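>
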Amino acid sequence: MRTLVFVITACALWAIWLSSACAQEADSLLPGWLVTSEALESKIAETEAATDRTEEAKTRLLELYRKALSNLQAAKDNAASAATFQRRAERAPVEIQSIRAALTPDARGGPLDSLEADANTPLPELEQELQKEQAELTAADARRVDFESRLAIFDQRPAAISQRLAEATQQREEASAQIQTPVGDDVGPTFAQAQKWVLETRYVALNTETTMLEQELSTLPLRTQLLEAKRDREAANVEGIDERIQILNDLLDRKRRQAAEQAATQAEQTQRELAGTNPVLAELSAENAALSRDINDTTQQLQAQDLVRQNLEQLVEQIGADYQDARETLESGEVNDDLGRILLQQFEALPDLRAFIQNDEQRRQTIADLNVRRLKHRAEARRIEDTNATVERLALALQADASATSEAAAHAWTEAQKVTLQELVQQRRALLDKALKTDQTYLGKLRELDRAEQALLTTAAEYNAYLDEQLPWLRNAKPLQLEDVRAMPSELRARLTAAGLLDLPQLIGQQLARSPAFWLAIIGAGVLLWRRRAIIAAIEAVAPRIGKPTTDRMNYTVRVLGLTLMLAAPLPLLLAVTGWQLQVDSGATELSHALGDALTRVALHLSILLGFIAGCRPRGLAAAHFRWPERNLTLLRTQLMLFIWPFVTSVFIIDVALGIDQAQSGGTLAELGLLLGYLPLSWFLYRVLHPRRGVLAHLRSGGDYPMVVRTYMIWYPLAVGSPLALIALAFTGYVYTATAFSYLFLLTLWFLLTLLLANSLALRWLQVTRRRLAYEAAMERQRAEQEEAEEEEALGEMGELEFEEPEVDITALSDETRGLIRILRLTAAIFGLYLIWFSALPALQIVDEVVLWHGTVIVDGAEQPLPITLGSLGLALLYAVGTWVLADRLPALLEIVLLQRFKTTAAGRYTVTTLTTYVVVAVGLLLVLSTLGARWSQVQWLAAALSVGIGFGLQEIVANFISGLIILFERPIRVGDAVTVGETDGVVTKIKIRATTIRNWDGKELLVPNKEFITGRLLNWSLSDRTTRLVLAIGVAYGSPVRQAMDLLEEAARENPNVLDDPAPTVIFDTFGDNSLGLLLRCFVDSIDLRVSTISALNVAINDKFNAAGISIAFPQRDLHLDTIKPLRVQIEHASPVDR
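In full-length UniProt numbering, the protein residues as written are 1 to 1140.
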């Protein structure tokens, strides 16, 4: 301890002396005429204490003095650094030689020379020694990484030094010129002297900086060599520590295994000795034996985990080195064909990360099981911690078992068993301690293995992504020559022979003969071929039902689609099962695995093409259901039959070539496979997609061309020329690029074909639904007209009160839904093509590389920067456009679905569509904000701020908006309801965000704020019960038979078909009026739309019945009083004959 204190003190004193020496040396390098730091500090103190200057003058003067002092300090630092560089360069050769000499094998010695442990070292000391070595390994590796980072900085220093040296030299010349410039007369002597000191110290600082930079640049090679030697020393130290750790791990594994085996042997021997004795002793000994076996198994797994971890670490190191070398080589710009082949070999040799992901899941489950087991062991260890108490408790059980013997014998027997019990309990306690320690070690090993696998996953994924980005642009083969074609048969024969061609037929026969799946596939394909005619007949039998409103159904199309796939299934089914069996068989060779993979891919392509051919049959899916023109179907069938077999043969050849020669991307065989398949593919696309003679020719008949026709000059040459470009790439040596892009091109074709099928199915569903709804609407109108013709015409000028549900415009809904399908189709096409080609085209990846700004995201409770890229902006724009489209077009689709599936009212449909629109807008807004980096907390504060502003300025609008939501959810009114709000009567036609539209009986529309319906008094005539009461007041003349009149009123009510029997109509004698006897007729109708017509019909019936009975309707009577003060003249005139 004293020695350590002495060394630390000596090092500190040496560092202080060195700093002082450097400072003195730096002072000696400065010119003698230069102002000193003591003089400047004295001037600063003098100026601060001065009272004869203004504050502004003092501030300016202090600023100059401090600037000069800063320049002077910078000059001293530069001079000290230059001296340090010089001393290090002088000492570097000796240090380098010393380090290199210490790195020789003779000087290093073996790992056992520095290891303070051997086979006789106890297990605890070995574990302590291992922990010490692991700590030294961490420190040594950290030093090595530090040296590596410093060397990386050294590599960049020459360019930085040269740039700064030029800048400092120019600034020094400018400072020298400024010194020569005389100071103006308007500046006092004190300020002139201060400015001169600033300029002089700046000049000296720049001069010492240039000297320092020159010294650093000249000594950089020697210092780099010294740093490399230190790096190599630490690397050798890490290697030596690794070797010692390996030795210690081997010793520990051997010790642990021996101890575990010894404990297991002892426990099993005890179990055998106690077998057949007291059950408690036998059970305890059996538990000890089982625990010892578990410890032994866990101990054996420790060494296996170490081996796996070491292999993973070596693999990580190798992949990292390959990654670094590849980056340096590619960044240098000097590449050739061999580099492409080498990188392709490394790409194919990268481990399959999926297997490690599965291992990670299994390991996590193992860790969970170990934690549970350790929990149980700790609980048991605490329970038997008091050995004597445990023995006494178990002895009581033994005493009960020995009750059949004599008291003395039982006592003696129990005492004898106590000794055995105590030994077993102590053994159990020792085993539990050992199990806990072993499990703890095993957990540590598993976590180390987990870190190694995570490092491998990260490194391999990065290198895989890098190679995936770089390989398409590197030539990995020589351009195809005629000699290569001539040598292809012998080359192919040699490769197939090396891959096991001679044993392949026997191997395939054995694999398929014992495969139940293969025989089931044969049976299934045979059944499908046997029933082929029946399947075709079933497809054609559906065709006559298509297009008729009474028989057409969407499930017919789904059924025919399934039958069409069944027609195409036999051959692809056999090929897929055969390929799968060749891949999964335990005896599979490289060639059989390649054949299996090729057959599986061929089955996929063949199923698509054969299914398309089957769909183009007459009266089939495309003809009868999708209504494709017959000319197009004939063209497709003809061209597909010519194209399909060369194409699938090409796919098979390319996949086999890639399987047996991945390093060369299939070589010449893959190139010829591309020629065989993609030349017919180009011809097929030329014939089928021709704008005037292809399947799109019928779209040019109208005047308004669709977009696909208007843009054919872009996509048509691209589609036809892409297969030819792939062939050209392969023949010029870019075989990997050609095969990789060919896969993406085919994926694009199948994606577009799937999109075409989905679009056809959607339009077919829309057509069937529209036709059915139109048919049902027509039938409903016909029934309504018949019922209206049967009803009595309403009398009087007052028309009938009608507010039936608004008629649904099926055509408008279908057009909007068709527009939604069109937009979704375009969006899906763009998004799908982007996903397919994103990784292959760097031009597309630039959207994720251009960072516009940074947001924040919470990761593990901490804020992390989130880059908002051009791709994020594009995605946000896509979300915004999608939200607008869905909010505008989705209600029409929902209307159709609700009309078809549910017998909902117009009010219910309106509520669903409106709420759905609100949800779409809200979700879209959240997606846009989150994509642009807005967090919920920020949005929350924004919402709070808006709420405050809204509360003051827009409270009425917000109140109406909230009231509109309440109306939609609570539904006090619905579209089609007859309501009375204040003095307004009418029918609700629209419920919007701010106001509700009511059409009154004059046909005028009135906008009522939603708030009026919630806060005011509302009369809804048809909310829950549409039944309404009619009250008719009838006055008969005095002297009329009242009872007969009441009976006639009741008779008129009961004869009217609109009047309900329950509640029954009632008539009362209400009052003796001034001019009449008042009678009231009260009756009910079941709908408010019958109110006006029923009142009119009742009035007509009452008038007829009263006239027939001679009962007169009273009319108002008035007494006329004449003024008799003057005589009145009364004259009676008779009508003339002409008037008569």
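Glycine included, every Cβ here is placed at the ideal spot set by N, Cα and C. Given the structure is predicted, the values throughout are model-derived calculations rather than measurements.
Roughly how many whole angstroms lie between the Cα atoms of A978 and L763?
Spanning the two alpha carbons is a distance of roughly 38 angstroms.
> Pop quiz: P717 and L681 are said to be a contact at Cβ under 8 angstroms. What is the actual Cβ separation, rounded to whole angstroms?
Their Cβ separation, rounded to whole angstroms, is 15 angstroms, which puts P717 and L681 out of contact at 8 angstroms.
> Can you grab the Cα-Cα spacing for the pair Q86 / A152, in whole Å?
Cα to Cα, the separation comes out at about 22 angstroms.
> Going by beta carbon distance, what residues of the same chain come within less than 7 angstroms of L729, once the five residues before and after it are set aside?
T737, A738, listed in sequence order.
> With a cut-off of 8 angstroms, do at least 3 Cβ pairs link the segment 750 to 762 to the segment 349 to 368?
Not touching, per the Cβ criterion.
> For a quick check, are the C-beta atoms of R545 and Y734 less than 8 angstroms apart?
Not a contact, by the Cβ cut-off of 8 angstroms.
> Can you find the residues in the same chain that come closer than 7 angstroms, C-beta to C-beta, to A1033, ignoring five residues on each side of it along the sequence?
Around A1033: G1078, L1080.
> Note down the Cα distance separating Q427 from R451, rounded to an integer number of angstroms.
Each residue's Cα considered, the two are about 36 angstroms apart.
> Taking P1057 as the reference, give the member of Y1038, L343, C1083 with the closest Cα.
If we check each option's Cα against that of P1057, C1083 comes out closest.
> For the candidate residues R553, P549, V560, whose alpha-carbon lies nearest to that of A534?
Selected option, being the one with the closest Cα: V560.
> When you measure from the CB of A758 to every non-hydrogen atom of the ligand SAH, does any distance come out below 7 angstroms?
The ligand SAH is not among the ligands present in this structure, which contains no ligands whatsoever.
> Which of helix, strand or coil does DSSP assign to D232?
Helix at D232.
> DSSP state of T385, grouped into three classes?
Looking at the sequence provided, one finds Glu at residue 385 rather than Thr. If DSSP states are grouped into helix, strand and coil, E385 belongs with coil.
> Could you tell me the distance, in whole angstroms, from the CA atom of Q470 to the CA atom of F831?
The alpha-carbon atoms of Q470 and F831 are separated by roughly 24 angstroms.
> Tell me the rounded alpha-carbon separation between E133 and V145.
Straight-line Cα distance between these residues: approximately 18 angstroms.
> Classify E792 as helix, strand or coil using the three-state DSSP reduction.
The pLDDT assigned to E792 is 44, lower than 50, so where the model puts this residue is not dependable; a value taken from the coordinates is nonetheless given after this. In this structure, E792 counts as coil in the three-state DSSP scheme.
> Kindly indicate the opening and closing residues of the beta strand (DSSP E) around F1084.
It spans 1077 to 1085 - the beta strand (DSSP E) in which F1084 sits, taken as one unbroken run.
> Quick check on the burial criterion: 16 or more other C-beta atoms within 10 angstroms. Buried or exposed for L1019?
L1019 comes out exposed.
> Taking the beta carbon of V1008 as the centre, do at least 16 other beta carbons fall within 10 Å, making it buried, or is it exposed?
By the 10 Å Cβ count, V1008 comes out buried.
> With a Cβ-Cβ cutoff of 8 angstroms, do D439 and R374 count as a contact?
The answer is yes: Cβ separation under 8 angstroms.
> Using the rule of at least 16 other Cβ atoms within 10 Å of the residue's Cβ for burial, across every protein chain shown, is I1068 buried or exposed?
Exposed, by the Cβ-count rule.
> Relative to the alpha-carbon of A177, which residue among E200, A381, T390 has its alpha-carbon at the smallest distance?
Residue E200 is the option with its Cα nearest to A177.
> Express the C-alpha separation of A594 and Y743 in angstroms, rounding to a whole number.
Cα to Cα, the separation comes out at about 17 angstroms.
> Taking all protein chains shown into account, do 16 or more other C-beta atoms lie within 10 angstroms of the C-beta of F745, making it buried, or fewer, making it exposed?
By the 10 Å Cβ count, F745 comes out buried.
> Run the CB neighbour count on E283, radius 10 Å, all protein chains shown included, and call it buried at 16 or more, exposed below.
Exposed, because fewer than 16 other Cβ atoms sit within 10 Å of the Cβ of E283.
> So for R619, helix, strand or coil by DSSP?
Residue state, collapsed to three classes: coil.
> For N632, report the span of its beta strand (DSSP E) as first-last.
Looking at the DSSP string, N632 is not in any beta strand (DSSP E); the run it does join, the alpha helix (DSSP H), is 630 to 660.
> Cutting at 7 angstroms between CB atoms, please list the residues of its own chain near L886, excluding the five before and the five after it.
Excluding sequence neighbours, L886 sits near V920.
> Which of the three DSSP states, helix, strand or coil, is assigned to E983?
If DSSP states are grouped into helix, strand and coil, E983 belongs with coil.
> To the nearest angstrom, how far is the alpha carbon of L932 from that of E462?
Whole-angstrom Cα-Cα distance: 27 angstroms.
> Is R1035 helix, strand or coil when you go by DSSP?
The displayed chain sequence assigns Gly, not Arg, to residue 1035. Strand at G1035.
> Tell me whether residue 1169 sits in a helix, a strand or coil according to DSSP, three-state version.
Residue 1169 is absent from the structure shown; the chain starts at 1 and stops at 1140.
> Would you give the residue range spanned by the beta strand (DSSP E) that A995 belongs to?
That run of the beta strand (DSSP E) goes 995 to 999.
> If you draw a straight line from the C-alpha of D27 to the C-alpha of I44, how long is it?
In this predicted model, D27 has a pLDDT of only 49, less than 50, meaning its place in the structure is not dependable; the value taken from the coordinates is given anyway. Whole-angstrom Cα-Cα distance: 21 angstroms.
> Helix, strand or coil for V1008 per DSSP?
Looking at V1008 - three-state DSSP - the assignment turns out to be strand.
> List the DSSP bridge partners of K990.
Partner(s): T997.
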